[in-house]
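A short write-up of the structure that comes next.
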Amino acid sequence: MRVLVTGKNGQVGRCLMDQGESYGFAMFGMSSAELDITNIRNVDSVISQIKPDLVINAAAYTAVDKAETDKKSAYAVNETGPKILAAACKKLDIPLFHISTDYVFDGESDIPYKETDSVNPTSIYGRSKLMGELAVRNTLSKFIILRTSWVFSEHGGNFVKTMVRMARERDRLDVVSDQFGGPSSAHGVAAALLKIAAQLEQTNAISWGIYHYCQKPYVSWHQFAQEIIERATKMGLVDHPVEIAPIPSSQFLTSVKRPENSSLKTDKLERCFNVSGGQWSLDLEMVLESIKGVG
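Quick note: full-length UniProt numbering has the sequence shown finishing at residue 295, numbered continuously throughout.
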């Protein structure tokens, strides 16, 4: 199977490229400089040249706070881009896998969100990602939309790397304790997409639609930070004691109100594809080892 990956330099994009060949796929990764998904001619040209059997869209505008004042860019990448990709895929009958987010929900539910729960994004980022979902759904019949939450890896910028960096510099970190979710390693997200792709290659008939992916257990940002710093300290990434102090989200100044509950229910993904996210702690260990390796 020939797989075209957009956003190859992002967290999930890099993991897709790293893992893809182990599934026997021919991987063709494109950075934003190589493939501008908001440019119809560029998209059509690249797809006609590569002739992929599957397109995985890992490109996204993910600067949540910046999106509030940079709406044009957020909607261009998160809505227009997926719409153009979906249209190009439709013309050639190519399936599209698209990565979305927990931010399509308002976070007010008391239980983990199912794929069928009502969406109600409260930020520009969330709205732009929802519009991207709708663009894909309204254009294609052969699509997988995989919603994820709290993505982390050794690549790019993310909560794990930020906590380690700040812990090296400080004796105390204030971390929000009233927002909950399931951390998702980029390695795990990539593996889930590739396992679905492998089933598609084998059967050419899978259950298309929206799915949720995250790893367990659900935790607060504070609990996640505690585990990160405890492990980082044991590994020598942090060389002094650091207090991880719980604070309410009302004390964390930000232009965007984060969802209080980002927990995603993953039963459908497990039932349809036998794909389980597993424990985020295992991937956290691997990510910290990678961070340690680069100094």
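Glycine included, C-beta positions come from ideal geometry on N, C-alpha and C.
### Message
Just verifying my parser: in three-state terms, what is the DSSP assignment at residue 168?
### Response
In this structure, residue 168 counts as helix in the three-state DSSP scheme.
### Message
I want to know whether the segment 144 to 161 touches the segment 210 to 220 - three or more CB-CB distances under 8 Å.
### Response
With a cut-off of 8 Å, the segment 210 to 220 and the segment 144 to 161 count as touching, because enough Cβ pairs lie within range.
### Task
Quick one: measure Cβ to Cβ for residue 208 and residue 142, integer angstroms, because I've assumed they're closer than 8 Å.
6 Å
### Query
Are the beta-carbon atoms of residue 1 and residue 17 separated by less than 9 Å?
no
### Message
Cutting at 6 Å between CB atoms, please list the residues of its own chain near residue 228, excluding the five before and the five after it.
### Response
160 and 163
### Query
Taking contact to mean at least 3 C-beta pairs separated by less than 8 Å, is the segment 172 to 191 in contact with the segment 238 to 252?
yes
### Task
Take residue 73 and list the residues in its own chain whose beta-carbon comes closer than 7 Å to its own, dropping the five residues that flank it on each side.
61
### Query
Considering only residues of the same chain and omitting the five flanking positions on each side of residue 114, which have a CB-CB separation below 6 Å?
265
### Task
With a floor of 3 residues, list each beta strand (DSSP E) that falls wholly inside the segment 133 to 193, ordered by position along the chain.
143 to 148 and 172 to 176
### Nearest residue (CA-CA) to residue 156, options 87, 13 and 49
It is 13.
### Query
Apart from the five residues just before and just after residue 321, which ones in its own chain have a Cβ nearer than 7 Å to its Cβ?
Nothing can be reported for residue 321, as the shown portion of the chain is limited to 1 through 295.
#### Entry: Range covered by the alpha helix (DSSP H) that runs through residue 75
71 to 75
### Task
Could you check which residue in 294, 279, 261 and 281 has the C-alpha nearest to that of residue 108?
261
### Message
Extract the residue ranges of the beta strand (DSSP E) inside the segment 212 to 293, only unbroken runs of 3 or more that lie entirely within it.
### Response
243 to 247
#### Entry: 6 Å CB neighbourhood of residue 95 in its chain, flanking five on each side removed
54 and 142
### Message
Run through the DSSP bridge pairs and tell me what residue 28 is partnered with.
### Response
According to DSSP, which records beta bridges pairwise, residue 28 is partnered with 4.
### Task
Using three-state DSSP, classify residue 13 as helix, strand or coil.
helix
### Query
When the Cα of residue 135 is compared with those of 197, 195 and 97, which residue comes out closest?
By alpha-carbon distance to residue 135, the top candidate from 197, 195 and 97 is 97.
#### Entry: For residue 57, the first and last residue of its enclosing beta strand (DSSP E)
54 to 57
### Message
For residue 92, count the other beta carbons within 10 Å of its own beta carbon; 16 or more makes it buried, fewer makes it exposed. Which is it?
### Response
exposed
### Message
Please state the DSSP three-state secondary structure of residue 109.
### Response
coil
### Task
Work out the CA separation of residue 281 and residue 233 for me, nearest whole Å.
15 Å
### Message
Using C-beta distances below 6 Å, list every residue in its chain close to residue 198, excluding the 5 sequence neighbours before and after it, in chain order.
### Response
23
### Message
Please return the same chain residues whose Cβ sits closer than 6 Å to the Cβ of residue 31, not counting the five positions on each side in sequence.
### Response
8 and 9
### Query
So, using beta-carbon positions, are residue 6 and residue 81 closer together than 9 Å?
yes
### Pair within 9 Å by beta-carbon distance, residue 4 and residue 56
yes
### Query
How about residue 105 and residue 126: are their beta carbons less than 9 Å apart?
yes
### Message
Could you give the first and the last residue of the continuous alpha helix (DSSP H) run that contains residue 92?
### Response
81 to 92
### Per-residue DSSP class, three states only, for residue 96
strand
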